[in-house]
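J.: Residue numbers (the numbering used here): 1100 to 1453.
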């Protein structure tokens, strides 16, 4: 069996507490971002549920108690089995939590299901054997997982039996990120596919419903009637893995006719593989911006998104990016940098109302 390394973690500075109770996301005005704590393992994926954080550290799923963000504590961990004769171990690229299970998208070895009913002893329940795209990111809804698999497109997996997840549907041939809501999946498919809206009302026969062609979509998050899409601006810039990117706000209230309604140039971002992580929470969008960077964008006016904070503050990005994922549990943002987990505190005041 694979040897499980001992975590070399430790918390950092004590976070500055808010002088007043933190407003809800809808009522909060973000004024800044500060470091609250960190976990010293090479995390490339992160998800958060309540006071528990889940990290993808190589082929290990690590479960942390983050009730005290300045001193995260290990609860449990499990190492994924190497399921095929492949030169790569199944390192974890994406994590979706639903109930007491984690669904893991891995590099080259598809989808794994992990039982979290005992967070001190997580255990692998089942895995697919047919999704071999080089990157696998996912969204989970009801009894289906929707996997954006680069090289395989959108793959639909029936997860009703956690011990035997089964591929049941497929659409397209290029996908790097996905979000799902109701009968539709929203797929970031880079320059060949743009932003695709896929009808998943019949999971065995997903069909195209709408598309934004003129968008090089590399990351997506969904909130209400808007999709927030990270797009690479062409022409591509190769030097030092830098390329110009923007945030596009897309109205998807009519899935057959998605429309760009807002746009914000982000400048040069370090490329992070094929996908640029982005997460929407309340009236804010959180993006990875290079080696350990975070950008916070206010989208309360979808037509005029504006950047309101960053971490490190105004830090230039000069090195290839390794940050891998971002998750939000208000008022904290969890950034998997590839070298560690950063726990960042959002400094807020009550949003002014007109």
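Using N, Cα and C, we set each Cβ at its ideal position, and we do this for glycine too.
In whole angstroms, give me the CA-to-CA distance for residue 1293 and residue 1407.
T.: Position 194 of the chain shown, counted from the start, is the residue given in the question as residue 1293. Position 308 of the chain shown, counted from the start, is the residue given in the question as residue 1407. When rounded, the distance between both Cα atoms is 27 Å.
J.: I need the straight-line Cα distance from residue 1420 to residue 1265, nearest angstrom please.
T.: The residue labelled residue 1420 in the question sits at position 321 within the chain shown. The residue labelled residue 1265 in the question sits at position 166 within the chain shown. Low confidence applies to residue 1420: its pLDDT is 39, below 50, so where it sits in the model is not reliable, and the reading given next is rough at best. For residue 1420 and residue 1265, the distance between alpha carbons rounds to 34 Å.
J.: Residue 1363 and residue 1331 - do their beta-carbons sit closer together than 8 Å?
T.: Within the chain shown, the letter at position 232 stands for residue 1331. Within the chain shown, the letter at position 264 stands for residue 1363. No, they are not a contact pair.
J.: May I ask you to report which of helix, strand or coil DSSP gives residue 1421?
T.: Start at 1 with the first residue of the chain shown, and residue 1421 comes out as number 322. Bear in mind that the predicted position of residue 1421 carries a pLDDT of just 49, short of 50, making it unreliable; the figure below should be weighed with that in mind. Residue state, collapsed to three classes: coil.
J.: On the DSSP bridge list, what partners appear for residue 1194?
T.: Position 95 of the chain shown, counted from the first residue, corresponds to residue 1194. Secondary-structure assignment with DSSP links residue 1194 through a beta bridge to 1203.
J.: Can you tell me the Cβ-Cβ gap for residue 1261 and residue 1224, rounded? I've got them flagged as a contact below 8 Å.
T.: Indexing the chain shown from 1 puts residue 1261 at position 162. Indexing the chain shown from 1 puts residue 1224 at position 125. About 4 Å separates the two Cβ atoms, so the contact holds.
J.: Just how far apart, CA to CA, sit residue 1226 and residue 1209?
T.: On the chain shown, position 127 is the one that residue 1226 refers to. On the chain shown, position 110 is the one that residue 1209 refers to. Cα to Cα, the separation comes out at about 7 Å.
J.: The beta strand (DSSP E) spanning residue 1444 covers which residue range?
T.: The residue you call residue 1444 lines up with position 345 of the chain shown. Residue 1444 -> beta strand (DSSP E) spans 1440-1449.
J.: What is the rounded straight-line gap between the Cα of residue 1240 and the Cα of residue 1212?
T.: To locate residue 1240, count along the chain shown from 1; it is residue 141. To locate residue 1212, count along the chain shown from 1; it is residue 113. Using only the alpha carbons, I get a separation of about 14 Å.
J.: Using the beta-carbon count (16 or more within 10 Å), is residue 1326 buried or exposed?
T.: Here the question's residue 1326 lines up with position 227 in the chain shown. In the assembly as shown, residue 1326 is a buried residue. Its beta-carbon has 16 or more other beta-carbons within 10 Å.
J.: Check this for me: beta carbons of residue 1427 and residue 1378, under 8 Å apart or not?
T.: Looking up residue 1427 in the chain shown gives position 328. Looking up residue 1378 in the chain shown gives position 279. Contact flag set, yes.
J.: Below 8 Å between beta carbons: does that hold for residue 1163 and residue 1174?
T.: Within the chain shown, the letter at position 64 stands for residue 1163. Within the chain shown, the letter at position 75 stands for residue 1174. Result yes, Cβ atoms of residue 1163 and residue 1174 sit closer than 8 Å.
J.: CA-CA distance, residue 1444 and residue 1169?
T.: Looking up residue 1444 in the chain shown gives position 345. Looking up residue 1169 in the chain shown gives position 70. Rounded to the nearest angstrom, the two C-alpha atoms are 10 Å apart.
J.: So, for residue 1146: in the same chain, excluding its five sequence neighbours on each side, which residues have a beta-carbon less than 7 Å away from its beta-carbon?
T.: Sequence index remark: in the chain shown, residue 1146 carries index 47 (1-based). Cβ within range, chain order: 1153, 1194, 1195, 1196, 1426.
J.: Would you mind reading off the limits of the beta strand (DSSP E) that contains residue 1236?
T.: Walking along the chain shown from the start, residue 1236 turns up at place 137. Element bounds for residue 1236: 1235-1240.
J.: Between residue 1284 and residue 1181, what straight-line distance do the alpha-carbon atoms span, to the nearest angstrom?
T.: Translated into positions along the chain shown, residue 1284 becomes position 185. Translated into positions along the chain shown, residue 1181 becomes position 82. Just so you know, the alpha carbons of residue 1284 and residue 1181 end up roughly 29 Å apart.
J.: Within 10 angstroms of the Cβ of residue 1192, are there 16 or more other Cβ atoms? Answer buried if so, exposed if not.
T.: By 1-based counting over the chain shown, the position of residue 1192 is 93. Residue 1192 comes out buried.
J.: Using a 10 Å radius around the Cβ and a threshold of 16 neighbouring Cβ atoms, would you call residue 1172 buried or exposed?
T.: The residue given as residue 1172 occupies position 73 in the chain shown. With fewer than 16 Cβ atoms within 10 Å of its Cβ, residue 1172 is classed as exposed.
J.: Take the Cβ of residue 1346 as the centre, count every other Cβ of all protein chains shown within 10 Å, and call the residue buried at 16 or more, exposed below.
T.: Here residue 1346 refers to the residue found at position 247 when the chain shown is read from its first residue. Buried: at least 16 other Cβ atoms inside 10 Å.
J.: Using DSSP with H/G/I as helix, E/B as strand and the rest coil, what is residue 1293?
T.: Counted from its first residue, the chain shown places residue 1293 at position 194. Three-state result, residue 1293: coil.
J.: Could you check what DSSP says for residue 1261 in three-state terms: helix, strand or coil?
T.: Here residue 1261 refers to the residue found at position 162 of the chain shown. Coil.
J.: Starting from the C-beta of residue 1280, find all residues in its chain whose C-beta is less than 7 Å away, skip the five residues before and the five after it, and write them out in chain order.
T.: Taking the first residue of the chain shown as 1, we reach residue 1280 at position 181. Around residue 1280: 1321.
J.: Figure out for me which residue from 1220, 1387, 1139, 1206 has the closest Cα to the Cα of residue 1317.
T.: The sequence position of residue 1317 within the chain shown is 218, counting from 1. Selected option, being the one with the closest Cα: 1387.
J.: Looking only at its own chain, which residues have a Cβ that is under 7 Å from the Cβ of residue 1156, when we skip the five neighbours before and after it?
T.: Residue 1156 sits at position 57 when you count from the first residue of the chain shown. Hits under 7 Å: 1140, 1141, 1142.
J.: Would you call residue 1436 buried or exposed, if buried means 16 or more other Cβ atoms sit within 10 Å of its Cβ?
T.: Taking the first residue of the chain shown as 1, we reach residue 1436 at position 337. Buried: at least 16 other Cβ atoms inside 10 Å.
J.: Under the rule that 16 or more other beta-carbon atoms within 10 Å means buried, what is residue 1118, buried or exposed?
T.: Here residue 1118 corresponds to residue number 19 of the chain shown, with the count starting at 1. Its pLDDT being 43, under 50, residue 1118 is placed unreliably in this model, and the value from its coordinates should be taken loosely. Residue 1118 is exposed by the Cβ-count criterion.
J.: Between the beta-carbon of residue 1411 and the beta-carbon of residue 1392, is there less than 8 Å?
T.: Here residue 1411 is taken as the residue at index 312 of the chain shown, counted from 1. Here residue 1392 is taken as the residue at index 293 of the chain shown, counted from 1. Their beta carbons are under 8 Å apart, which means residue 1411 touches residue 1392 by this criterion.
J.: Give the secondary structure of residue 1126 by DSSP, where H, G and I count as helix, E and B as strand, and everything else as coil.
T.: Taking the chain shown and counting its residues from 1, one reaches residue 1126 at position 27. Three-state result, residue 1126: helix.
J.: Do the CB positions of residue 1307 and residue 1354 come within less than 8 Å of each other?
T.: In the chain shown, the residue the question calls residue 1307 occupies position 208. In the chain shown, the residue the question calls residue 1354 occupies position 255. Their beta carbons are not under 8 Å apart, which means residue 1307 does not touch residue 1354 by this criterion.
J.: What number of angstroms, rounded off, separates the C-alpha of residue 1216 from the C-alpha of residue 1200?
T.: Position 117 of the chain shown holds residue 1216. Position 101 of the chain shown holds residue 1200. Residue 1216 and residue 1200: Cα-Cα distance of roughly 7 Å.
J.: Tell me the rounded alpha-carbon separation between residue 1129 and residue 1301.
T.: Position 30 of the chain shown, counted from the start, is the residue given in the question as residue 1129. Position 202 of the chain shown, counted from the start, is the residue given in the question as residue 1301. So the alpha carbons of these two residues sit roughly 41 Å apart.
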